[in-house]
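Quick note on numbering: my numbering labels position 207 of the sequence shown as 893, and the sequence is numbered without any gaps.
So the structure is just underneath, and the comments pick up after that.
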Amino acid sequence: MMKVLAKLNNATGLLKYLLLLSFYYLAYRYPFQINSAETSPTYSDTPFALQALKYLLFFLICTVFFLNSVRGKRRMVVSREHLLDFLFFGVVFALPIGYSLLTSDTVLLQTGIFFGALLLYFISRRKEIDILQIRKWISVFLGLSIVVELIQLALYFGTGRLPALGYPNSISLRFGSIWDDPNGFAFMICFFIPFVLAKRMKLAPKVMLTSVLLIMLVLTQSLTGIFALAVALIVGVFLLGVLVRKRQYWLQGFSLLGLYVMGMLFVVTVVLNLPIIKHFLELKSGSIDDHIEMMGLIQKAKLLNYVGLNPVGMIAETGYINIVCNFGLVYLVLYVAMLAYAAFRLIRKIRDNVGRQGVEVYYGAFFFVLSFAFGMGNLPLDTVFPLNLILVACIMLSYNRAELVPATPAQSDAPLGQRNLIAS
């Protein structure tokens, strides 16, 4: 154990352990049938100890990183280059923590607590992250996620074993792989698909992996996740075309747009008329109505809410509305600016590392941040673990100072089938 903790003394170690916490902490849900009794006929509520343990582990990771850095006689100061960033994220971190302490509302805590790791990253002397190591951990999690999903499907069809959001004799059957969280895992797939598309591999396994991930996305039955990915892909590709200035992104963007138009025509004329789809939409109508009704809460907010002086806790299923009602309009502007700035920084990372090994990690992070930003319009993702921690990890990646390893000549000159589909 001490040898493991001793490795937590650099940026790569910090990010690796944060990803391990975010990837695998919720793995207890499916085998022990622990999540929420309100949303599942077969699951029990998560004990408080399990709810709190993830924050204790996060605090342990940050504390060990800090102590190892100090013991290693590394200067823990903020460089001039990152002083404004440190102050900016300091506000994003501190305001929810302060409001949570004042109101004893732990929901408010979840919006900002994980940005504490980013502040530690800024005051550390070395900010180089080994992307190839991070790529390995992401690839392992991707593979395990597919295996777990297959096991869950086999157990359902073989024994009737239900996932957390599944009901017997109903099409309302939502699979969330390792996390057993359909909405949350749908947004992880928003990371996986660009990651796979940008990865240097043969065309056949790339198409197969992408197809499997798309099927998994459908099995989450997360309309928000599906919509967020669709919008993120089209917006993201066009942003890459504008800022990276490569013709291929424009071609891919217009190709995606064409596919979307044909897909929408097919959905409107064929899919929406299928009896099973009509039944599915009827089941979803209650949730849709709730979201629409919650949108009206913004009109009922008082002036004190808009200036951030009347925190009320989570009152809506929409992240941006919760932020306005709890922290005010200024914090909302800061939060949206943070997402936009992170996306811009990740585009620069992609631009500066085209053709290098590990660039697919930046692609995954970029499209995850975009999907997160769009998903916040309908879900409170800022309070959803582990998505809020993965967001911090993606922002941390945007500050990586390490140069990626150039692709070998064999990789660079590989035939079309071995090149990635969205990067040259």
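We put the beta carbon where it would ideally sit given N, CA and C, even for glycine.
Keep in mind the model is a prediction, meaning the values are calculated, not measured.
Beyond the five residues adjoining it in sequence on each side, ASN721 comes within less than 7 angstroms, by CB distance, of ARG715, TYR729, THR732, ALA850 and ASP866 in the same chain, given in chain order. Ranked by how close their Cα comes to the Cα of LEU848, the residues SER726, LEU1065, ILE832 and ARG821 have SER726 in first place. Nearest neighbour of GLU724 by Cα position, chosen from PHE774, VAL793, GLY852 and ARG812, turns out to be GLY852.
At a Cβ-Cβ threshold of 8 angstroms, ALA697 and GLU814 count as neighbours. With respect to LEU701, MET1082 sits close: the two C-beta atoms are nearer than 8 angstroms.
When Cβ pairs closer than 8 angstroms are counted between the two stretches, the stretch 1046-1066 is seen to touch the stretch 909-926, the count reaching three or more. Relative to the Cα of LEU909, the nearest Cα in the group VAL893, PRO868 and LEU889 belongs to PRO868. 8 angstroms or more divides the Cβ of PHE881 from the Cβ of ILE820.
Residues THR1069 of the same chain have their beta carbon placed closer than 6 angstroms to that of GLN796, with the five preceding and five following residues left out of the count. Counting of Cβ neighbours within 10 angstroms places ASP1038 among the exposed residues, the total staying below 16. Excluding five sequence positions before and after CYS748, the CB atoms of its chain that fall closer than 7 angstroms to its own CB belong to GLY802, ALA803 and LEU806, given in chain order.
For GLY852, the three-state secondary structure derived from DSSP is strand. GLY846 is classed as exposed because its beta carbon has fewer than 16 other beta carbons within 10 Å across all chains shown.
Assignment of LEU859 by DSSP, reduced to helix, strand and coil, places it in the strand class.
8 angstroms or more divides the Cβ of LEU915 from the Cβ of GLY1005. Secondary structure at PRO1066: coil, using DSSP grouped into helix, strand and coil.
The C-beta of ASN855 has fewer than 16 other C-beta atoms within 10 Å across all chains shown, which makes the residue exposed. Going by DSSP, ASP771 is part of the alpha helix (DSSP H) stretching over 769-789. Taking 8 angstroms as the upper bound for CB-CB distance, PHE752 and VAL1078 are not in contact here, some 16 angstroms apart.
Beta-bridge annotation (DSSP): SER730 is paired with ILE720.
Rounded to whole angstroms, the Cβ separation of ILE875 and LEU903 is 5 angstroms, and the two are in contact under 8 angstroms. Of the candidates GLY776, MET1024 and TYR1048, TYR1048 places its Cα closest to the Cα of LEU926.
Partner residues in the beta bridge of ARG1042, as assigned by DSSP, are PRO1092.
Taking PRO717 as reference, the option from LEU1090, LEU781, LEU1032 and LEU841 with the minimal CA-CA separation is LEU841. Membership of PRO868 in the alpha helix (DSSP H) is indicated by the continuous run 868-883. With contacts defined by Cβ atoms closer than 8 angstroms, LYS888 and GLU1046 do not form a contacting pair. Around the Cβ of GLN907, a 10 Å sphere holds 16 or more other Cβ atoms; the residue is buried.
If you draw a straight line from the Cα of TYR741 to the Cα of MET948, it is about 45 angstroms long. Nearest to GLY699 by C-alpha distance, out of ASP816, PHE775, VAL763 and LEU1015, is ASP816. Per the C-alpha coordinates, the member of PRO961, GLY776, ILE837 and LEU1090 positioned closest to ARG1042 is LEU1090. Distance between ARG811 and LEU883, taken at the CA atoms: about 34 angstroms. Counting C-beta atoms within 10 angstroms of its own C-beta, PHE878 has 16 or more neighbours from the protein chains shown and is therefore classed as buried.
Only exposed fits ARG1034, as fewer than 16 other CB atoms lie within 10 angstroms of its CB. For ASN695, the three-state secondary structure derived from DSSP is coil. Counting other Cβ atoms within 10 Å of its Cβ, SER765 stays below 16 and is therefore classed as exposed.
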